[in-house]
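According to this note's numbering, the stretch in the sequence shown is residues 67 to 271, in order.
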Amino acid sequence: MTKIKICGLKRFEDIEYVNEAKPDYAGFVIEISKSHRSVSYQKAAKLAEKLDKNIMPVGVFADAPLQLPARLMNAGIISVAQLHGHEDERYIRSLRSMTDGKIIKAFSVTGRQDIEKAISSIADYILLDQGSGGSGRTFDWSLAESAGRKFFLAGGLDLYNLKEAISRLEPYAVDLSSSLETEGIKDRKKIIKTVEAVREYDRRK
Ligand SMILES: O=C(O)c1ccccc1NCC(=O)[C@H](O)[C@H](O)COP(=O)(O)O
Numbered sequence: 067m068t069k070i071k072i073c074g075l076k077r078f079e080d081i082e083y084v085n086e087a088k089p090d091y092a093g094f095v096i097e098i099s100k101s102h103r104s105v106s107y108q109k110a111a112k113l114a115e116k117l118d119k120n121i122m123p124v125g126v127f128a129d130a131p132l133q134l135p136a137r138l139m140n141a142g143i144i145s146v147a148q149l150h151g152h153e154d155e156r157y158i159r160s161l162r163s164m165t166d167g168k169i170i171k172a173f174s175v176t177g178r179q180d181i182e183k184a185i186s187s188i189a190d191y192i193l194l195d196q197g198s199g200g201s202g203r204t205f206d207w208s209l210a211e212s213a214g215r216k217f218f219l220a221g222g223l224d225l226y227n228l229k230e231a232i233s234r235l236e237p238y239a240v241d242l243s244s245s246l247e248t249e250g251i252k253d254r255k256k257i258i259k260t261v262e263a264v265r266e267y268d269r270r271k
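Dropping the structure here:
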């Protein structure tokens, strides 16, 4: 079964939508000032509290001080830290020494060298994306064919290209944000339709 991650949740309504749709992971962009999806530590805690216990809460960070993801994981607010900045292996090692939570390292894919770098990452999971995250744009998928390691696929996934993405790349998980919004706000119908489409596709495989 392809896992599904829905990212960029920032309102209590968004939590209600994902609790209804039942993806596997729910992502909060935490204290990334350049993002319109960014929420504070406190808001992430309040949102995560309302999340269905079967959905794993993920905190998305970009070059955050180590204490931020560590505190959120150790407080049980998030189970997974997704590192979407320039975090290196030393950063990942340090974070691992501070917490038992899982770590996803995101890589912006522009060439085969990015895939090689991702494959050799010490993170628990790798995530292949376009640009710095939440861009709504795809990267050249041919670069990720036969990646040789389980990966989260992100970047411009939507109802129309998901089926091709899953059949062609067989990702461990698909990760979506932009295509599930209408005018920058998460859209209940889009979330429910998209999760259902992935589940249906998996059932027919
Ligand atoms: O969503 C953001 O604004 C964001 C900003 C900075 C780093 C990461 C960010 N989001 C991560 C995600 O939402 C997902 O991992 C993925 O990038 C979603 O991509 P897309 O479906 O193209 O919006």
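The beta-carbon is built from N, C-alpha and C at its ideal position, and this holds for glycine as well.
No experiment lies behind these values; they were computed from the predicted model shown.
- Ignore the nearest five residues each way along the sequence and tell me which others in Lys112's own chain have a CB closer than 7 angstroms to its CB. If you number the sequence shown from 1, residue 112 lands on position 46. There are no such residues.
- Give a single yes or no on whether Ala220 has its beta carbon closer than 6 angstroms to a heavy atom of ligand 1. Residue 220 sits at position 154 when you count from the first residue of the sequence shown. True, at least one ligand heavy atom lies under 6 angstroms from that Cβ.
- Query: Is the region 256 to 264 touching the region 92 to 112, taking contact as three or more C-beta pairs under 8 angstroms?
  - Reply: Contact fails between the region 256 to 264 and the region 92 to 112, because fewer than three Cβ pairs, one in each stretch, are under 8 angstroms apart.
- Cβ-based neighbour list, Ser243, same chain, cut-off 6 angstroms, excluding 5 preceding and 5 following: Translated into the one-based positions of the sequence shown, residue 243 becomes position 177. Sequence-distant partners of Ser243 (beyond 5 residues in either direction) whose C-beta falls short of 6 angstroms from its own C-beta, in its chain, are Cys73, Gly74 and Gly200.
- With burial defined as no fewer than 16 other Cβ atoms inside 10 Å of the residue's Cβ, what is the status of Thr176: buried or exposed? Against the sequence shown, residue 176 aligns to sequence position 110. When all chains shown are included, Thr176 counts as exposed.
- Message: According to DSSP, Lys252 sits in a beta bridge with which residue or residues?
- Response: Here residue 252 refers to the residue found at position 186 of the sequence shown. Checking the DSSP bridge columns, you'll see Lys252 partnered with Glu247.
- Query: Which runs of the beta strand (DSSP E) fall wholly inside the region 119 to 161 and span at least 3 residues, in chain order?
  - Reply: Whole beta strand (DSSP E) segments, 3+ residues: 122 to 127 and 146 to 149.
- Item | Own chain partners of Met12 with C-beta closer than 8 angstroms, once the 5 adjacent residues on each side are dropped | Here the chain has residues from 67 to 271 only, and residue 12 is not among them.
- Message: Taking the beta carbon of Gln148 as the centre, do at least 16 other beta carbons fall within 10 Å, making it buried, or is it exposed?
- Response: Taking the first residue of the sequence shown as position 1, residue 148 is located at position 82. Buried, because 16 or more other Cβ atoms sit within 10 Å of the Cβ of Gln148.
- Message: Rounding to the nearest angstrom, what Cα-Cα distance links Phe217 and Ala136 in this structure?
- Response: As a working note, residue 217 is residue 151 in the sequence shown. As a working note, residue 136 is residue 70 in the sequence shown. One C-alpha to the other measures close to 23 angstroms.
- Examine the Cβ distances between the region 222 to 230 and the region 177 to 191 and report whether three or more of them are shorter than 8 angstroms. Put simply, the region 222 to 230 does not touch the region 177 to 191. Fewer than three CB pairs are less than 8 angstroms apart.
- Query: Is Ser174 closer than 7 angstroms to Gly197 when the C-beta atoms are compared?
  - Reply: The residue given as residue 197 occupies position 131 in the sequence shown. The residue given as residue 174 occupies position 108 in the sequence shown. Against a cut-off of 7 angstroms, the Cβ pair of Ser174 and Gly197 comes out as a contact.
- Message: Using CA atoms only, rank isn't needed, just tell me which of His152, Asn120, Ala210 and Asp118 is closest to Val126.
- Response: Here residue 126 refers to the residue found at position 60 of the sequence shown. Checked all of His152, Asn120, Ala210 and Asp118; the closest Cα to Val126 is His152.
- Query: Beta carbon of Arg103: closer than 6 angstroms to some heavy atom of ligand 1?
  - Reply: Taking the first residue of the sequence shown as 1, we reach residue 103 at position 37. Yes, the Cβ of Arg103 comes within 6 angstroms of a heavy atom of ligand 1.
- Task: Please state whether DSSP places Ala87 in a helix, a strand or coil.
- Result: Stepping through the sequence shown from its first residue, residue 87 is reached at position 21. Note: Ala87 maps to helix in three-state DSSP.
- Where the alpha helix (DSSP H) containing Lys69 begins and where it ends: Taking the first residue of the sequence shown as position 1, residue 69 is located at position 3. First-last for Lys69: Lys69 to Ile72, but that is the beta strand (DSSP E), not the alpha helix (DSSP H).
- Message: Does Thr260 pass the burial test, meaning 16 or more other C-beta atoms within 10 Å, or should it be called exposed?
- Response: For this step, residue 260 is matched to residue 194 along the sequence shown. Of the residues assessed, Thr260 falls on the buried side of the cut-off, its CB having 16 or more other CB atoms within 10 angstroms.
- According to DSSP, is Asp241 helix, strand or coil? To locate residue 241, count along the sequence shown from 1; it is residue 175. In this structure, Asp241 counts as strand in the three-state DSSP scheme.
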